[in-house]
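Novice: One structure coming up, written as structure tokens, with questions to follow.
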Amino acid sequence: MTTNKTNKFTVPIGPQHPALKEPGHFEFTVDGEIVTGATARLGYVHRGIEKATESRNWIQDVYILERICGICSHVHAMAFAQGVEMLANVEIPPRARAIRTLIAELERIHSHMLWAGVAAHEGGFDTLFMYIWRDRETVMELLEMLTGNRVNYSANVLGGVKFDVQQDQIDEIRKGMDKLEERSRYYLEIVTTDETFLGRTRSIGIMDKKDAAVLGAVGPTARASGVERDVRVDVPYAYYPDFPTVSITDNAGDLEARFVVRMKEVLESVRLIREILDHLPEGDLAVRVPRRIPEGQVISRVEAPRGELFYYIESNGTDTPERVKVRTPTLPNWGSVLALAVGHKLADMPMILVGIDPCFSCNDRMVHITNNKNNDQVWSWEQLRQYGIEYYK
Amino acid sequence: MIKVTPLLALLIFPGGLFLLNIGMFYEWIDRKLVARFQNRIGPRWFQPLADTIKLLAKEEIIPEKVHAGLFTFLPVFGMAGALASALYVPLAGFAPSYSFSGDLIVVLYLLSMMTLCLGLAGSNTVNRFSLVGATRTLTQLFSYEAPFMLALLGPAILTQSWQISEINFFAQDNIWILVTQPIGFLVALIGLMGKLELPPFDAPEAETEIVSGALTEYSGRGLALFHVGKDIELVIGLTLVSAFYLGGLANPLEFVLKTLGLLVVMALLQSLFARLRIDQTVGLWWRLGALLALIQLLVVLVF
Amino acid sequence: MLQIGSLVGNVLQSLFKRPDTELYPFEKKEVPPRLRGTLVWNPDKCTGCMLCVKDCPANALELVVLDKKNKKFMMRYHADRCIYCSQCVVSCRMNCLKMISEEWELASAQKEPFFVEYGKSEEIEQLLLEKEAQSDAENNGQE
Amino acid sequence: MNTTEALAKAETLLGSVTVSSDRPQENRLDIDIKTEDLQKSIQILIDNEWGYLSAIVGVDRPDKPADGEEITADTNGKVEILYPFCEGNAIVTLRLSVPYDNPVVDTICTIIPSATLYEREMIEMYGIEIKGTPDTNKLLLPDDWPEGQYPLRKSFKGLGQS
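Line by line, the protein sequences are chains F, P, G and S.
Residue numbers for the first sequence follow our numbering, beginning at 64 and rising by one.
Residue numbers for the second sequence follow our numbering, beginning at 2 and rising by one.
Residue numbers for the third sequence follow our numbering, beginning at 212 and rising by one.
Residue numbers for the fourth sequence follow our numbering, beginning at 241 and rising by one.
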């Protein structure tokens, strides 16, 4: 129990906590059940990826950046590949653009459904959680069929994509889309009509339009507050110039609105995927990109499932980048959530935290251990066992 | 009807061994049903037993800054309360081992002992999650207790007796009280869910907010006792509600059918709702639950 | 319209449906043909350009040159480091590398199975003999 | 407002603080500003509702060492700090550099409160001192991270190695 001078009670959430699927630390000062202050401490899954890119070549970096996040791995690789192609002045073939977009949209469906399940679980609605995750398997299996992997699809190479889409796969995807569309409509209805669940989501964690705009919220979090910020619409990249998407917004700004926006985005993705499959262009899958990228710097932005993903890439003319800066969508959304936590009930905090769809491994990217032997922070299995025996003697 | 000798009653049937086993069996049914409602497979039949044995075999860690005596004995008290209440209810359709006029009140208090012990156990530790959990447990106790009692009062007034066995006989001879007092039945059933902290009333142990609530610091034996105590409470609660509202319990077959029927309804209710916040729970009980129970009582009194 | 327990239809249906759970180690699903499993190297066409080694993000590949003129190479594949991205398959211009979908349950409690050596058996034997001779020589030297 | 108009508007708005500017990409405008003009220029953009702060990017620019020498902790240099603002397709980047021996910039949290996370990252990764930032606790690195080690500087090769 920590009590400070004003007799305030601090409730920690994390680093290990059932509400957080990844480690992160939040401290809430509470007065009874009402939150009066909030701070964050990140970095528990920092892996040094930004630094690591500087010592690897451009091709290797695609994969290391893809592993920033498991859920939105494709968009990371895509943002990087897109930036490098811009630097190298390479135009990728239309079929590659279409397939990239296709996988990105499938991934968006997968991410949004994952989030909806987790958020339902935070609200104690386990049945909804189980159902949503069961149906998410459909899209996971489609991705596995297309790329051979359920996460970290590795579909991008510099200059295009690795995998083609064949006719039988197109049929499979269409079948899957029909199922997903039906189920998403059903879930949309549930989250907007179920009384007990609305008690946990309606008018909770409201962020108004002005706050969202100034605090720099991005993605569905911003759109649920009525801020039209969607890179796919603002700066069409990949195949979006040919097949534009609609930016889905809601004005309520509460948790319910975030559910509604995400579920509607799933439906929009389904529509887009069908359209892309109808008009899949013929042609090559990839073009050659030089191993040495010409000097220059570029900003590459794509819309990840959680919002705008920002890449700053600088090349010094060699086969390794000079600087790769990644700003993931979760980081600006944290700022907005921590600023808005005050005044809410403690019981609502997990749901509000989860409401932005946080991805901790996305915003943590540092610390690398280079020398295992001389570092007492790294323990071997044998050492750990020995320590355990000593401890309990 | 057969009467069982006291010592046997305490150790083997209906107290002791029988109750432990049937408690764990009912827990399994509950978990299995919820799993099937959620389109999962669910645990195998021996899972609750295996959990209990594993927990009993494990080291019990007494955290720092707690009253060690309280920490050790609270689970025992809680479980003793639940076991003792078994002596007064028509378990498995047999006549209760002990019976006196007014035993209904005693059973209700014995059942609350478990919850009180939980609350005390939570506030005994310095863990923040335990403390918040304990507060919520006790808050919830004050919210469902009155409506639950009022709901069980209906049949008692109808029988004009406070003796469980007499109410049981009365229920057997007459039309199911469920038909005449549907509101009372609903309040009693949902009150039972509140008592057992089942969803949607699981705010006191909401894992995504406060880990495991009052039980966060418990491990090994203490945790096992609390879990088994809750299983026993589940059986006794089901017995009470079905004896009162579902036409009494005359023989083991009726007992099994009626309590399991109730359990199916409870499992269904568990999987249908999102968790209520503690303020919503309190609001629901006092604004709606208590009011409904009172109306039911008035109806009973007038007619 | 607001309602209580709106999932009830689906919940009751689930009771009579087969559970969706997959009993993985007992019942295995068919793997998709594109699944990326163990890497297999075909030494016949390899020219020793080393592109696969250079592009591997996890340093999982080592190409040992036995005889550069006659194009004799041996590959050491560290499956424990491999991240199964199949960049090497894309990089290889001779199509010597392939990730097979048959072998994918690679978990192991020991480290040994993760170290795979590919090459023509007679060449490996020759190399091993050389190695042995070398270590023998070293041992003799020490004594 | 299309991209060209947006960039033209930003160019006129920021005219008073611009030291020099260039256009690395079609939709981008990079503006070099003086370190002391930072708060003023950001205030201009926010007051006119031009876009939102997308990130704070640091780029380490050590002085080029003599041939054959490696960059070490003693190498002099400066850190470039970029403040990219996005408005639709248009991106305006405010750029300034601070030398290693005086790495001080003003906070922008007074104008954009959510920038605190980006500023904490800059403090840890580049050793920039941010004047007036509300929270200087460690954000990403461990609490026992040694003083004076800044992971994203080019001279950093891992702890215990230089």
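All C-beta atoms in this analysis are idealised placements derived from N, C-alpha and C, irrespective of residue type, glycine included.
If you measure beta-carbon to beta-carbon, which residues of the region 350-361 of chain F are closer than 8 Å to chain S?
Specialist: So the close ones are G359, Q360, V361.
Novice: From this set, P/L153, P/L199, P/D174, which residue's C-alpha is nearest P/L270's C-alpha?
Specialist: P/L199
Novice: Taking 8 Å as the limit between beta carbons, can you name the residues of its chain near P/A244, skipping five residues before and five after?
Specialist: V90, P91, I165, I168, N169, A172, L250
Novice: When you check each C-beta in the region 247-279 of chain F against every C-beta of chain P, which residues fall closer than 8 Å?
Specialist: D257, T259, F260, G262, R263
Novice: Leaving out the 5 sequence neighbours to the left and right, which residues in its chain are closer than 6 Å to P/A83 when beta-carbon positions are compared?
Specialist: M115, G230, I233, E234
Novice: How is the alpha helix (DSSP H) around P/V265 delimited, first residue to last?
Specialist: 253-273
Novice: Kindly say whether P/R276, judged by its beta-carbon, lies nearer than 7 Å to any beta-carbon of chain F.
Specialist: yes
Novice: Give me the Cα-Cα distance between P/F95 and P/L112, rounded to the nearest whole angstrom.
Specialist: 20 Å
Novice: Counting Cβ pairs closer than 8 Å, one from the region 343-357 of chain S and one from the region 258-272 of chain S, do we hit at least three?
Specialist: no
Novice: Tell me which residues of the region 349-362 of chain S have at least one Cβ-Cβ distance to chain F shorter than 8 Å, keeping chain order.
Specialist: Listed by position, the residues of the region 349-362 of chain S near chain F (Cβ gap below 8 Å) are I352, P353, S354, A355, T356, L357, Y358.
Novice: Could you tell me whether the region 361-377 of chain F touches the region 191-205 of chain F, where touching means 3 or more Cβ pairs closer than 8 Å?
Specialist: no
Novice: Going along the chain, which residues of its own chain have a beta-carbon closer than 6 Å to the beta-carbon of F/S266, five neighbours each way excluded?
Specialist: D317, listed in sequence order.
Novice: In chain P, what lies closer than 8 Å to G/D231 by C-beta?
Specialist: Within 8 Å of the CB of G/D231, the CB atoms of chain P belong to N40, R41, in sequence order along the chain.
Novice: For F/I122, return the contacting residues in chain G, with the cut-off set at a CB-CB distance below 7 Å.
Specialist: D266, Q298
Novice: Indicate whether F/A159 and F/A367 have their beta-carbon atoms separated by less than 7 Å.
Specialist: no
Novice: What does a CB cutoff of less than 8 Å around F/E117 pick up in its chain, not counting 5 residues either side in sequence?
Specialist: Closer than 8 Å at Cβ, skipping near neighbours: T383, P384, E385, R386, V387.
Novice: What residue does the alpha helix (DSSP H) around F/V324 start on, and which one ends it?
Specialist: Run containing F/V324: 318-341, per the alpha helix (DSSP H) assignment.
Novice: Where does P/V180 fall in DSSP's three states?
Specialist: helix
Novice: Can you give me the C-alpha to C-alpha distance between F/H80 and P/L119, rounded to a whole angstrom?
Specialist: 22 Å
Novice: I need the straight-line Cα distance from F/H137 to F/Y303, nearest angstrom please.
Specialist: 16 Å
Novice: Smallest Cα separation from F/I253: which of F/V361, F/F91, F/I195?
Specialist: F/I195
Novice: Where does P/A69 land, buried or exposed, given buried means 16+ other C-beta within 10 angstroms?
Specialist: exposed
Novice: Tell me the rounded alpha-carbon separation between S/I296 and F/E113.
Specialist: 14 Å
Novice: Consult DSSP for G/K283 and reduce its assignment to one of helix, strand or coil.
Specialist: strand
Novice: Under 8 Å, with one C-beta from each stretch per pair, do the region 279-293 of chain S and the region 272-290 of chain F reach the 3-pair mark?
Specialist: yes
Novice: So, at 6 Å on beta carbons, what are the nonlocal neighbours of S/I321 in its own chain, with the 5 sequence-adjacent residues on each side left out?
Specialist: Cβ within range, chain order: G298, L336.
Novice: For a contact defined as C-beta to C-beta under 9 Å, what are the partners of G/R304 on chain B?
Specialist: Absent from the structure: chain B. Protein chains present are F, P, G and S.
Novice: Give every residue of the same chain whose Cβ lies closer than 7 Å to the Cβ of S/D270, excluding the five residues on either side of it in the sequence, and list them in chain order.
Specialist: S261, D262, P264, T333, R335
Novice: Near P/W46, what residues of its chain come up, given a Cβ to Cβ distance below 7 Å and the 5 sequence neighbours on each side ignored?
Specialist: W29
Novice: Taking 7 Å as the CB-CB cut-off, is G/I311 touching chain F?
Specialist: Taking Cβ atoms only, chain F never reaches closer than 7 Å to G/I311, which makes this a no.
Novice: What residue ranges within the region 101-183 of chain P form continuous alpha helix (DSSP H) runs of no fewer than 4 residues, ordered along the chain?
Specialist: 104-125, 129-160, 165-174, 178-181
Novice: Pick helix, strand or coil for S/Y292, following the three-state DSSP scheme.
Specialist: If DSSP states are grouped into helix, strand and coil, S/Y292 belongs with the strands.
Novice: Across which residues does DSSP place S/C326 in a beta bridge pair?
Specialist: S/Y292, S/I331
Novice: With 7 Å as the threshold, decide whether the Cβ of P/T222 is near any Cβ in chain G.
Specialist: Residue identity differs from the one stated: residue 222 of chain P is Arg in this sequence, not Thr. Not one chain G Cβ lies under 7 Å of P/R222.
Novice: For a contact defined as C-beta to C-beta under 9 Å, what are the partners of F/D198 on chain P?
Specialist: Simply none; closest approach about 10 Å.
Novice: Can you list, in chain order, the residues of its chain whose CB lies under 7 Å from that of F/G222, leaving out five sequence neighbours each side?
Specialist: The beta carbon of F/G222 sits closer than 7 Å to those of E148, V153, I155, A349, V350, R351, V352, all from its chain and outside the five residues before and after it, given in chain order.
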